[in-house]
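Q:
Here it is, written out as structure tokens:
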């Protein structure tokens, strides 16, 4: 003990820093992993994380006419145009309000497609 401070045991330290889940890199075989699982795109960020940092500002509030996340009615006419149109709008932008890459400049085209899939699945 150092001047009134208790020193934690190795077991106490191990308990505090133990893993709380598993990470599965997209494309890897993770079927055998147990516990909480977060799928991470090859670039390193999860789809939900990319959504929260780049898309949520507009798509949670409906800024500049952006269809709100999970709004079935707002997304329906866009979904009817087909996924390729949605992917293209996300990758290339859709003036005047949808910026190129939806403001996820670190996202690959595959990451952007995953973001579109994520938003579309929430609107079905």
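Residue numbers (this note's numbering): 11 to 134. The beta carbon of each residue, even a glycine, is placed where N, CA and C say it ideally should be.
Got a sec, what are the start and stop residues for the alpha helix (DSSP H) residue 68 sits in?
A: That run of the alpha helix (DSSP H) goes 66-69.
Q: Between 19, 89, 99, which lies nearest to residue 131 when the distance is taken from Cα to Cα?
A: Closest by alpha carbon: 89.
Q: Do you know how far the Cα of residue 26 is from the Cα of residue 120?
A: Each residue's Cα considered, the two are about 36 Å apart.
Q: Please report the residue range of the alpha helix (DSSP H) in which residue 81 lies.
A: Element bounds for residue 81: n/a, residue is neither H nor E.
Q: Locate the alpha helix (DSSP H) running through residue 102, then write down its first and last residues.
A: Run containing residue 102: 93-102, per the alpha helix (DSSP H) assignment.
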